[in-house]
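Notes for the one structure printed next.
Residue numbers (this note's numbering): 59 to 218.
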(Lines of atoms letter the chains of each structure in order from A; the text may use other names.)
(Lines give C-alpha, C1' and ligand atoms only; values in the text may rest on other atoms or scores of the structure.)
Protein backbone atom coordinates (compact mmCIF):
# COMPACT_ATOMS: atom_id res chain seq x y z
CA UNK A 59 0.00 0.00 0.00
CA UNK A 60 1.19 3.49 -0.91
CA UNK A 61 -0.18 6.71 0.51
CA UNK A 62 0.38 10.41 -0.03
CA UNK A 63 0.24 12.81 2.90
CA UNK A 64 -0.17 16.56 2.54
CA UNK A 65 0.56 18.84 5.49
CA UNK A 66 0.57 22.57 6.12
CA UNK A 67 1.47 24.60 9.19
CA UNK A 68 -1.42 25.27 11.56
CA UNK A 69 -3.79 27.98 10.49
CA UNK A 70 -5.76 29.90 9.82
CA UNK A 71 -3.61 31.22 7.00
CA UNK A 72 -3.74 34.80 5.77
CA UNK A 73 -5.38 35.54 2.43
CA UNK A 74 -3.02 36.90 -0.21
CA UNK A 75 -0.13 34.54 0.52
CA UNK A 76 0.62 31.00 -0.75
CA UNK A 77 0.07 28.22 1.78
CA UNK A 78 3.25 26.17 2.36
CA UNK A 79 2.11 22.61 1.62
CA UNK A 80 4.48 19.70 2.21
CA UNK A 81 4.17 16.34 0.45
CA UNK A 82 5.24 12.91 1.65
CA UNK A 83 4.83 9.53 -0.09
CA UNK A 84 5.05 6.44 2.12
CA UNK A 85 4.78 2.76 1.29
CA UNK A 86 4.39 -0.34 3.42
CA UNK A 87 6.98 -2.25 1.36
CA UNK A 88 10.33 -1.36 -0.16
CA UNK A 89 9.74 1.05 -3.07
CA UNK A 90 11.60 2.58 -5.94
CA UNK A 91 10.10 6.00 -6.73
CA UNK A 92 10.82 9.10 -8.77
CA UNK A 93 9.95 12.56 -7.55
CA UNK A 94 8.46 15.46 -9.44
CA UNK A 95 10.17 15.92 -12.81
CA UNK A 96 9.95 18.44 -15.59
CA UNK A 97 6.58 17.56 -17.18
CA UNK A 98 5.24 15.51 -14.22
CA UNK A 99 2.82 18.19 -13.05
CA UNK A 100 1.30 18.98 -16.44
CA UNK A 101 0.94 15.28 -17.29
CA UNK A 102 3.31 15.21 -20.25
CA UNK A 103 5.44 12.45 -18.67
CA UNK A 104 5.48 9.89 -15.88
CA UNK A 105 5.40 9.87 -12.98
CA UNK A 106 2.41 12.20 -13.02
CA UNK A 107 1.94 14.36 -9.95
CA UNK A 108 -1.39 16.18 -10.37
CA UNK A 109 -2.15 18.75 -7.64
CA UNK A 110 -5.41 20.65 -7.26
CA UNK A 111 -6.98 23.17 -4.91
CA UNK A 112 -10.72 23.64 -4.57
CA UNK A 113 -13.03 26.00 -2.74
CA UNK A 114 -16.71 25.24 -2.30
CA UNK A 115 -16.42 22.21 -4.58
CA UNK A 116 -14.95 24.25 -7.45
CA UNK A 117 -11.36 23.80 -8.58
CA UNK A 118 -9.51 27.10 -8.17
CA UNK A 119 -5.97 25.90 -8.95
CA UNK A 120 -4.67 23.03 -11.09
CA UNK A 121 -1.73 22.49 -13.43
CA UNK A 122 -2.05 24.00 -16.88
CA UNK A 123 -2.30 21.82 -19.96
CA UNK A 124 1.04 20.62 -21.30
CA UNK A 125 2.53 23.12 -23.72
CA UNK A 126 6.05 21.96 -24.47
CA UNK A 127 6.78 18.24 -24.79
CA UNK A 128 10.53 18.92 -24.58
CA UNK A 129 11.14 17.68 -21.05
CA UNK A 130 14.51 17.10 -19.45
CA UNK A 131 16.15 13.71 -19.23
CA UNK A 132 15.31 11.15 -16.56
CA UNK A 133 18.52 10.26 -14.75
CA UNK A 134 19.52 7.33 -12.57
CA UNK A 135 19.97 9.86 -9.76
CA UNK A 136 16.24 10.76 -9.97
CA UNK A 137 15.28 7.37 -8.48
CA UNK A 138 14.95 6.88 -4.73
CA UNK A 139 14.88 3.45 -3.09
CA UNK A 140 12.84 3.56 0.10
CA UNK A 141 12.60 1.18 3.02
CA UNK A 142 9.13 0.18 4.24
CA UNK A 143 7.53 3.14 6.01
CA UNK A 144 10.29 5.55 4.93
CA UNK A 145 8.80 8.91 3.90
CA UNK A 146 9.76 10.38 0.52
CA UNK A 147 9.47 14.05 -0.40
CA UNK A 148 8.82 14.02 -4.15
CA UNK A 149 9.23 17.81 -4.21
CA UNK A 150 12.78 17.82 -2.82
CA UNK A 151 14.39 18.70 -6.15
CA UNK A 152 11.43 20.22 -8.01
CA UNK A 153 8.40 21.79 -6.37
CA UNK A 154 4.79 21.54 -7.45
CA UNK A 155 4.13 24.94 -9.01
CA UNK A 156 0.37 24.68 -8.45
CA UNK A 157 0.82 24.51 -4.67
CA UNK A 158 3.77 26.87 -4.57
CA UNK A 159 2.23 29.69 -6.60
CA UNK A 160 -1.48 29.48 -5.75
CA UNK A 161 -2.52 32.48 -3.65
CA UNK A 162 -5.91 32.20 -1.95
CA UNK A 163 -7.39 35.67 -2.20
CA UNK A 164 -10.67 35.12 -0.34
CA UNK A 165 -11.36 33.62 3.08
CA UNK A 166 -12.66 30.06 3.12
CA UNK A 167 -11.89 26.38 3.50
CA UNK A 168 -9.53 25.42 0.68
CA UNK A 169 -9.10 21.73 -0.11
CA UNK A 170 -5.69 20.62 -1.39
CA UNK A 171 -5.23 17.19 -3.01
CA UNK A 172 -2.50 15.45 -4.95
CA UNK A 173 -2.80 12.46 -7.27
CA UNK A 174 0.23 10.34 -8.16
CA UNK A 175 0.06 8.11 -11.23
CA UNK A 176 2.79 5.69 -12.32
CA UNK A 177 0.58 3.55 -14.57
CA UNK A 178 2.23 4.29 -17.88
CA UNK A 179 1.43 2.03 -20.80
CA UNK A 180 5.08 2.07 -21.92
CA UNK A 181 8.30 2.69 -19.95
CA UNK A 182 9.42 5.17 -22.62
CA UNK A 183 6.70 7.55 -21.38
CA UNK A 184 9.01 8.29 -18.44
CA UNK A 185 11.98 9.38 -20.56
CA UNK A 186 12.98 12.93 -21.32
CA UNK A 187 13.13 14.32 -24.81
CA UNK A 188 16.30 16.36 -24.31
CA UNK A 189 19.73 14.81 -23.71
CA UNK A 190 18.33 11.45 -22.59
CA UNK A 191 21.29 9.11 -22.09
CA UNK A 192 21.71 5.79 -20.30
CA UNK A 193 18.38 4.66 -21.74
CA UNK A 194 18.79 0.90 -21.01
CA UNK A 195 19.85 1.57 -17.41
CA UNK A 196 17.07 4.12 -16.82
CA UNK A 197 14.40 1.88 -18.40
CA UNK A 198 15.55 -1.00 -16.18
CA UNK A 199 14.91 1.20 -13.14
CA UNK A 200 11.55 2.39 -14.51
CA UNK A 201 10.49 -1.25 -14.73
CA UNK A 202 11.09 -1.59 -10.97
CA UNK A 203 8.78 1.29 -10.02
CA UNK A 204 5.43 -0.13 -8.87
CA UNK A 205 2.45 0.76 -11.04
CA UNK A 206 -0.30 2.48 -9.09
CA UNK A 207 -2.60 5.47 -8.98
CA UNK A 208 -3.24 7.06 -5.57
CA UNK A 209 -4.77 10.31 -4.36
CA UNK A 210 -4.01 12.00 -1.08
CA UNK A 211 -6.69 12.50 1.53
CA UNK A 212 -7.95 16.08 1.32
CA UNK A 213 -5.97 18.67 3.24
CA UNK A 214 -8.39 21.38 4.38
CA UNK A 215 -6.71 24.74 4.91
CA UNK A 216 -8.56 27.60 6.56
CA UNK A 217 -7.84 31.00 5.06
CA UNK A 218 -8.92 34.21 6.81
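Every residue, glycine too, gets a C-beta built ideally from N, C-alpha and C.
- Three or more Cβ pairs drawn from the region 161-180 and the region 107-120 lie within less than 8 Å of each other, which places the two stretches in contact.
- In terms of CA proximity to residue 128, 187 leads the group 197, 187, 201 and 217.
- Rounded to whole angstroms, the separation of the alpha carbons of residue 145 and residue 179 is 27 Å.
- Relative to the Cα of residue 168, the nearest Cα in the group 206, 133, 126 and 117 belongs to 117.
- Its chain contains 76, 111 and 119 as the residues whose beta carbon lies nearer than 7 Å to that of residue 160, once the 5 sequence neighbours on both sides are disregarded; these appear in chain order.
- Buried is the label assigned to residue 100, since at least 16 other Cβ atoms lie within 10 Å of its Cβ.
- Assignment of alpha helix (DSSP H) within the region 170-210, counting only whole runs of 4 or more residues, yields 193-200 in chain order.
- DSSP places residue 137 within a strand segment (E or B) once states are collapsed to three.
- It is roughly 22 Å from the alpha-carbon of residue 195 to the alpha-carbon of residue 102.
- Close CB contacts of residue 87 within its chain, under the 6 Å cut and outside five residues either way in sequence, are with 142 (chain order).
- Shortest Cα-Cα distance from residue 136 to any of 218, 158, 157 and 185 involves 185.
- Between residue 215 and residue 71, the beta carbon gap of about 6 Å places them in contact (Cβ cut-off 8 Å).
- In this structure, residue 105 sits near residue 92, with a CB-CB distance shorter than 8 Å.
- Ranking 191, 69, 74 and 81 by CA distance to the CA of residue 63 puts 81 first.
- Of the residues 60, 94 and 67, the one whose Cα lies closest to the Cα of residue 153 is 94.
- About 7 Å separates the beta carbons of residue 131 and residue 191, which is inside the 8 Å limit, making them a contact pair.
- The beta-carbon separation of residue 89 and residue 204, rounded to 6 Å, stays under the 8 Å limit for a contact.
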